[in-house]
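If you count by the working numbering, then the sequence shown holds residues 1 to 307, one letter each, in order. From the three backbone atoms N, C-alpha and C, an ideal C-beta is built for every residue, glycine too. Below you'll find the structure, written out as structure tokens, and then a few comments.
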Amino acid sequence: MRSPRPSSGVADLESDSRSDTDEQRRERIAPGAGASSPTATATAAAAATSAAVEPQAGLGVRLEQLRAFYGDLEAVSGIDLDFRANEVTAIIGPSGCGKSTLIRCINRMHEEIPGARAQGRVMLDDLDVYSPSVDVVAVRRAIGMVFQKPNPFPTMSIFNNVAAGLRLSSGRRGDLRPKVEAALRSAGLWDEVSERLDEPGAGLSGGQQQRLCIARSLAVDPEVILMDEPCSALDPIATLKIEELIDRLKARVTIVIVTHNMQQAARVADRTAFMLDGRLIEVGPTHEIFTRPADPRTEEYVTGKFG
Ligand SMILES: Nc1ncnc2c1ncn2[C@@H]1O[C@H](COP(=O)(O)OP(=O)(O)O)[C@@H](O)[C@H]1O
Ligand SMILES: [Mg+2]
Numbered sequence: 001m002r003s004p005r006p007s008s009g010v011a012d013l014e015s016d017s018r019s020d021t022d023e024q025r026r027e028r029i030a031p032g033a034g035a036s037s038p039t040a041t042a043t044a045a046a047a048a049t050s051a052a053v054e055p056q057a058g059l060g061v062r063l064e065q066l067r068a069f070y071g072d073l074e075a076v077s078g079i080d081l082d083f084r085a086n087e088v089t090a091i092i093g094p095s096g097c098g099k100s101t102l103i104r105c106i107n108r109m110h111e112e113i114p115g116a117r118a119q120g121r122v123m124l125d126d127l128d129v130y131s132p133s134v135d136v137v138a139v140r141r142a143i144g145m146v147f148q149k150p151n152p153f154p155t156m157s158i159f160n161n162v163a164a165g166l167r168l169s170s171g172r173r174g175d176l177r178p179k180v181e182a183a184l185r186s187a188g189l190w191d192e193v194s195e196r197l198d199e200p201g202a203g204l205s206g207g208q209q210q211r212l213c214i215a216r217s218l219a220v221d222p223e224v225i226l227m228d229e230p231c232s233a234l235d236p237i238a239t240l241k242i243e244e245l246i247d248r249l250k251a252r253v254t255i256v257i258v259t260h261n262m263q264q265a266a267r268v269a270d271r272t273a274f275m276l277d278g279r280l281i282e283v284g285p286t287h288e289i290f291t292r293p294a295d296p297r298t299e300e301y302v303t304g305k306f307g
């Protein structure tokens, strides 16, 4: 397998990686696909040193007529939807309406399920995620995923959990520590674990494990993070920490979060999309979706009449 990333700018959370050009960022995902991007995704100022989360102009995601199938079952039925760069978009809707399927299509995890396939387009900025020139492994780094149940490698140390993705993408083992530290700081976990980096990840609380998983995806410098009900196994205090983290992280990545918790969507999401039976019913500023939705079905759902 070819290396999805060139040796320059290997997931370095320190200031120098912020000098990656758009071309370099694209080249990681679609090596040799050409560097013709007129789009303004200028990398943000590289200077910040004190902030744990350095701002970066992120990349948006656009779904165009996305359909997803499990065998003959159509779980996502032709969705057009924009996830704007550096915003948090919540996806809400009753169980089984296709939320998880939809987000798994964004980083090409859906196709890993036997019998599953997707149709339509997923654009990461101006890059077609399903184009044959795309490196799927690099796509999954650029578009990270956090699941409902925290899934750190249980016997692996805290340090190695974060370093795992870096090791795959970097030959330079010697300088992993600053990157691991930076990712743990960005995930708001450093102060809690800095004295026990060699202990197993499974020894952390549920909320800490979830932040460890977020640190693991941040370590490889993603453009987008997909979160599938990331707080549903957590207590309210751990949930609040994740929500605060999401709010900080959007300065640097684009975030899509599936949630069953209406209050959570209202707290963290700039925009909210409501799905029903594999279709997008509506999307808009979160406040509008909750206070004056265009579709009566949205109103029924957000006011708890079904779902
Ligand atoms: N691995 C799978 N194999 C077959 N069908 C699946 C699979 N995962 C989900 N589905 C079906 O696809 C539809 C959408 O499911 P899902 O995306 O998990 O919904 P949600 O996340 O909104 O609860 C449901 O009908 C579900 O039964
Ligand atoms: Mg789901």
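Exercise for the section: Using the Cα positions of residue 145 and residue 108, report the straight-line distance between them to the nearest angstrom. Expected result: Near 11 Å, if we compare the C-alpha coordinates of residue 108 and residue 145.
Practice task
Determine the direct distance from the alpha carbon of residue 224 to that of residue 68, and round the result to whole angstroms.
Solution key: In a straight line, the C-alpha of residue 68 is about 20 Å away from that of residue 224.
Exercise for the section: Just mark residue 110 as buried or exposed, buried being the case when its beta carbon has 16 or more other beta carbons within 10 Å. Expected result: Buried.
Practice task
May I have the straight-line CA-CA distance separating residue 182 from residue 62, to the nearest angstrom?
Solution key: In a straight line, the C-alpha of residue 182 is about 29 Å away from that of residue 62.
Practice task
Return the CA-CA distance between residue 49 and residue 249, expressed in angstroms with no decimal places.
Solution key: In this predicted model, residue 49 has a pLDDT of only 33, less than 50, meaning its place in the structure is not dependable; the value taken from the coordinates is given anyway. So the two alpha carbons sit approximately 16 Å from each other.
Exercise for the section: Say yes only if the C-beta of residue 73 is nearer than 7 Å to one or more non-hydrogen atoms of ligand 1, and no if none qualify. Expected result: The answer is yes for residue 73.
Handout entry: Of the listed residues 218, 199 and 71, nearest to residue 53 (C-alpha basis)
Key = It is 218.
Handout entry: the segment 114-123 / the segment 289-303 touching (three or more Cβ pairs under 8 Å)
Key = No contact exists between the segment 114-123 and the segment 289-303.
Handout entry: Contact set for residue 79: own chain, Cβ-Cβ below 6 Å, skip 5 residues either direction
Key = 63, 66 and 280.
Exercise for the section: Pick helix, strand or coil for residue 153, following the three-state DSSP scheme. Expected result: Residue 153 carries a coil assignment under DSSP once its states are collapsed to helix, strand and coil.
Exercise for the section: With a floor of 3 residues, list each beta strand (DSSP E) that falls wholly inside the segment 78-108, ordered by position along the chain. Expected result: Listed in chain order, they are 88-92.
Practice task
Compute every distance between the C-beta of residue 97 and the non-hydrogen atoms of ligand 1, then say whether any falls below 7 Å.
Solution key: Because some heavy atom of ligand 1 lies under 7 Å away, the Cβ of residue 97 counts as near it: yes.
Exercise for the section: Over the uninterrupted beta strand (DSSP E) stretch that includes residue 274, give me the two end residues. Expected result: Run containing residue 274: 271-276, per the beta strand (DSSP E) assignment.
Practice task
Determine the direct distance from the alpha carbon of residue 259 to that of residue 229, and round the result to whole angstroms.
Solution key: Each residue's Cα considered, the two are about 5 Å apart.
Problem - Distance, residue 191 Cα to residue 12 Cα - result: Note that residue 12 scores 33 on pLDDT, short of 50, meaning its location in the model is unreliable; the coordinates nonetheless yield the value given after this. Approximately 20 Å between the Cα atoms of the pair.
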